[in-house]
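Colleague: Before I ask anything, let me first share the structure, which is written out below as structure tokens.
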Amino acid sequence: MTGPTKGQEFSSEEVKLALRNPGMHLEGLRYPVTPIGMHYLLIHFDIPLIDPADYELRVSGRVRNPLRLSLEDVKARPAVTMPVAMECAGNGRAHLSPRPISAPWHEEAVGCAEWTGTPLGPILEEAGVLDDAVEILFAGHDRGIDDGIEHDYERSLPVEEALREEALLAYAMNGEPLPPQHGFPLRLVVPEWYGMASVKWLKSITATSEPFEGVQQANKYLYQSSEDDPGTPVTRKLPHALMVPPGIPDFLTRERSVRPGPVLVEGRAWSGFGPVERVEFSADGGRTWEDAELGEPLGPHAWRSWSCEWDAEPGEYELRVRATDATGKTQPLEAEVTWNQGGYGVNVVQRVPVSVG
Ligand SMILES: Nc1nc2c(c(=O)[nH]1)N[C@H]1C(S)=C(S)[C@@H](COP(=O)(O)O)O[C@H]1N2
Ligand SMILES: [Mo]
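Its first residue numbered 9, the sequence shown is counted upward by one per residue in the numbering used here.
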């Protein structure tokens, strides 16, 4: 479903979705690890109320030894902590014209929290996934209706992706128990994929011998060029760099004012296909680009800091930033080339208008 073209009004449904699902304040890019209350949120239905005392995670389906794990069982297993750049697949959707109707993100559906949990792989090994299993299905405790179909929020991963060492069953965020809105008491974290794979309020894990065809897999999260296009699944995060908007904002338009002189422009960049190897900055609307300096990555699945000195002379500017990863994937200059039915993976370069004076 598509809505008004760019520049037209947002519907009240989109505004309500945006208020339920806040983004990260872009100045939050200054923090290597995003504070809990600044991390973006995406909640399709309602936040379920779960009593940790009777919480149980069921692991079943095409496995030799089905498991029932309490929260204490999960916490007693070996623990790993890792910073992960998480981004919603719908980030950038609002730049499209016509605009698909869903959470109207511009750039802010991102955050990099430190997740603590236990690796998923050893749990699947203990359950003994059978040879005929092709996917692992993760169901949440949240239920709702989308495309007219009632369902639990459920997503699957191919078995080999679920067995990757970075896939985590997380019970803590930045050293605190998961807050209700981020998946209390237990969620999946699939670091390289867009956020939809990281199922919150995890209820069950099921090994299946058939690919999952539920709403959140077969109707949503497909790159489709038109309604008739069967499409290809949305998986890993495309490269993306963002800057802390420099100077000070206007309250309503958020246009930036900067004083003349040297300005350190800084931000973060990430990709789910490989490490970010290059970040370029342009102060002249993309006519010329210079390489930004890259910081050390916080970890293999975190974002990477970048910075660039800009000698701001009086005038009107449009700042841009672009990341390229180790596989050579980079960001498009125009959103339209990424247009797809659901508005996924719109990693168009950020544009920040600035007046210097
Ligand atoms: N159970 C459940 N898991 C979910 C969702 C959801 O609505 N229900 N939203 C997904 C989507 S689309 C995203 S982008 C991430 C957002 O995680 P966060 O809210 O912790 O940032 O959670 C994913 N996991
Ligand atoms: Mo998302």
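Just so you know, even glycine gets a beta-carbon here, dropped at the ideal spot from N, CA and C.
Do P294 and L246 have their C-beta atoms closer together than 8 angstroms?
Modeller: One-based indexing of the sequence shown puts residue 294 at position 286. One-based indexing of the sequence shown puts residue 246 at position 238. The question names Pro, yet the displayed sequence has Gly at residue 294. Going by C-beta atoms, G294 is not nearer than 8 angstroms to L246.
Colleague: In chain order, what residues of the same chain have a beta carbon less than 6 angstroms from the beta carbon of W318, not counting five sequence neighbours either side?
Modeller: Taking the sequence shown and counting its residues from 1, one reaches residue 318 at position 310. Cβ neighbours of W318 beyond the five flanking positions: V271, V273, A291.
Colleague: Is it a yes or a no for the region 72 to 84 touching the region 304 to 314, going by three-plus beta-carbon pairs under 8 angstroms?
Modeller: no
Colleague: So which residues touch the region around ligand 2, with touch meaning a C-beta under 6 angstroms from any heavy atom?
Modeller: L50, C96, A97, G98, G203, M204
Colleague: Can you look up V59 in the DSSP assignment and give me helix, strand or coil?
Modeller: As a working mapping, residue 59 is identified with position 51 in the sequence shown. Note that residue 59 corresponds to Asp in the displayed sequence, not to Val. It is coil, neither helix nor strand.
Colleague: Rounded C-beta distance between A97 and Y179? I'm assuming under 8 angstroms.
Modeller: Working through the sequence shown from its first residue, we reach residue 97 at position 89. Working through the sequence shown from its first residue, we reach residue 179 at position 171. Actually they do not touch by this definition, with Cβ atoms about 24 angstroms apart.
Colleague: Following a CB-centred definition, is S206 positioned closer than 7 angstroms to any heavy atom of ligand 1?
Modeller: Walking along the sequence shown from the start, residue 206 turns up at place 198. Yes.
Colleague: Express the C-alpha separation of P361 and D258 in angstroms, rounding to a whole number.
Modeller: On the sequence shown, position 250 is the one that residue 258 refers to. On the sequence shown, position 353 is the one that residue 361 refers to. When rounded, the distance between both Cα atoms is 12 angstroms.
Colleague: Tell me which same chain residues have a C-beta within less than 7 angstroms of the C-beta of I157, skipping the five on either side of it?
Modeller: Your numbering for residue 157 matches position 149 in the sequence shown. Around I157: V223.
Colleague: Counting Cβ pairs closer than 8 angstroms, one from the region 42 to 55 and one from the region 132 to 140, do we hit at least three?
Modeller: no
Colleague: Please classify H103: does DSSP put it in a helix, a strand, or coil?
Modeller: Locating residue 103 in the sequence shown gives position 95, where the first residue counts as 1. Helix.
Colleague: Is F18 near ligand 1 - that is, is its Cβ less than 7 angstroms away from at least one heavy atom of it?
Modeller: As a working mapping, residue 18 is identified with position 10 in the sequence shown. Answer for F18: no, Cβ out of range of ligand 1.
Colleague: If you follow the alpha helix (DSSP H) that D150 is in, where does it begin and where does it stop?
Modeller: Position 142 of the sequence shown, counted from the first residue, corresponds to residue 150. D150 -> not in any alpha helix (DSSP H); beta strand (DSSP E) instead, spanning 143 to 154.
Colleague: Counting Cβ pairs, one atom from each stretch, are 3 or more of them under 8 angstroms apart for the region 84 to 102 and the region 112 to 127?
Modeller: yes
Colleague: Could you tell me the distance, in whole angstroms, from the CA atom of K337 to the CA atom of R330?
Modeller: In the sequence shown, residue 337 corresponds to position 329, counting from 1. In the sequence shown, residue 330 corresponds to position 322, counting from 1. If you take the alpha carbons of K337 and R330, they lie about 11 angstroms apart.
Colleague: Taking DSSP as the reference, what is the three-state secondary structure of P247?
Modeller: Here residue 247 refers to the residue found at position 239 of the sequence shown. P247: coil per DSSP, three-state reduction.
Colleague: Report back the beta-carbon spacing between P322 and G365 to the nearest angstrom; my notes put them in contact at under 8 angstroms.
Modeller: Within the sequence shown, the letter at position 314 stands for residue 322. Within the sequence shown, the letter at position 357 stands for residue 365. With a Cβ gap of about 5 angstroms, P322 and G365 count as contacting.
Colleague: So, helix, strand or coil for S279, using DSSP?
Modeller: Translated into the one-based positions of the sequence shown, residue 279 becomes position 271. If DSSP states are grouped into helix, strand and coil, S279 belongs with coil.
Colleague: Would you report the Cα separation of A277 and G100, rounded to the nearest angstrom?
Modeller: The count along the sequence shown starts at 1 and reaches residue 277 at position 269. The count along the sequence shown starts at 1 and reaches residue 100 at position 92. About 15 angstroms.
Colleague: Name the two residues that bound the continuous alpha helix (DSSP H) containing D237.
Modeller: Counting from one through the sequence shown, the residue named residue 237 turns up at place 229. Note, D237: premise wrong, no alpha helix (DSSP H); not H, not E.
Colleague: Assign V345 to one of two classes, buried (16 or more other C-beta atoms within 10 Å of its C-beta) or exposed (fewer than that).
Modeller: Your numbering for residue 345 matches position 337 in the sequence shown. The residue is exposed, with fewer than 16 neighbouring Cβ atoms inside 10 Å.
Colleague: Mind listing, in chain order, the continuous alpha helix (DSSP H) runs of no fewer than 4 residues lying wholly within the region 167 to 246?
Modeller: 167 to 170
Colleague: Cα separation between T335 and S279?
Modeller: As a first step, residue 335 must be located in the sequence shown, where it is residue number 327. As a first step, residue 279 must be located in the sequence shown, where it is residue number 271. In a straight line, the C-alpha of T335 is about 10 angstroms away from that of S279.
Colleague: Taking all protein chains shown into account, decide if Q358 is buried (16 or more other Cβ within 10 angstroms of its Cβ) or exposed.
Modeller: Numbered from 1 along the sequence shown, position 350 holds the residue referred to as residue 358. Buried, by the Cβ-count rule.
Colleague: Is F192 near ligand 1 - that is, is its Cβ less than 7 angstroms away from at least one heavy atom of it?
Modeller: As a first step, residue 192 must be located in the sequence shown, where it is residue number 184. Checking the Cβ of F192 against ligand 1 gives no.
Colleague: Note the first and the last residue of the continuous beta strand (DSSP E) segment covering L77.
Modeller: Along the sequence shown, one-based indexing puts residue 77 at 69. L77 -> beta strand (DSSP E) spans 75 to 78.
Colleague: Going by the beta-carbon positions, is the gap between E298 and E285 smaller than 8 angstroms?
Modeller: For the purposes of this step, residue 298 is taken as the residue at position 290 of the sequence shown. For the purposes of this step, residue 285 is taken as the residue at position 277 of the sequence shown. Cβ distance not < 8 angstroms, so E298 and E285 don't count as in contact.
Colleague: Can you tell me the Cα-Cα spacing of V67 and R328, whole angstroms?
Modeller: Reading the sequence shown from its first residue, position 59 is the one you call residue 67. Reading the sequence shown from its first residue, position 320 is the one you call residue 328. Their Cα atoms are separated by approximately 46 angstroms.
Colleague: Enumerated in chain order, which unbroken segments of the beta strand (DSSP E) with a length of 3 residues or greater are wholly contained in the region 284 to 319?
Modeller: 284 to 290
Colleague: Quick check: is the beta carbon of T261 nearer than 8 angstroms to any beta carbon in chain D?
Modeller: In the structure shown, chain D does not exist; there is a single protein chain.
Colleague: Within 7 angstroms: the Cβ of G148 and any heavy atom of ligand 1?
Modeller: As a working note, residue 148 is residue 140 in the sequence shown. G148: yes, Cβ under 7 angstroms from ligand 1.
Colleague: Are P193 and P56 close, meaning C-beta to C-beta below 8 angstroms?
Modeller: Taking the sequence shown and counting its residues from 1, one reaches residue 193 at position 185. Taking the sequence shown and counting its residues from 1, one reaches residue 56 at position 48. No, Cβ-Cβ distance for P193 and P56 is not below 8 angstroms.
Colleague: Verify whether the separation of the beta carbon atoms of M32 and V92 is less than 8 angstroms.
Modeller: Numbered from its first residue, the sequence shown carries residue 32 at position 24. Numbered from its first residue, the sequence shown carries residue 92 at position 84. It is not a contact, given that the beta carbons lie outside the stated cut-off.
Colleague: Are the beta-carbon atoms of V242 and L250 separated by less than 8 angstroms?
Modeller: Along the sequence shown, read from residue 1 onward, the residue named residue 242 stands at position 234. Along the sequence shown, read from residue 1 onward, the residue named residue 250 stands at position 242. Not a contact, by the Cβ cut-off of 8 angstroms.
Colleague: Reducing DSSP to helix, strand and coil, say where M9 ends up.
Modeller: Looking up residue 9 in the sequence shown gives position 1. With a pLDDT of only 48 at M9, under the threshold of 50, the placement of this residue in the model should not be trusted, and no figure is reported.
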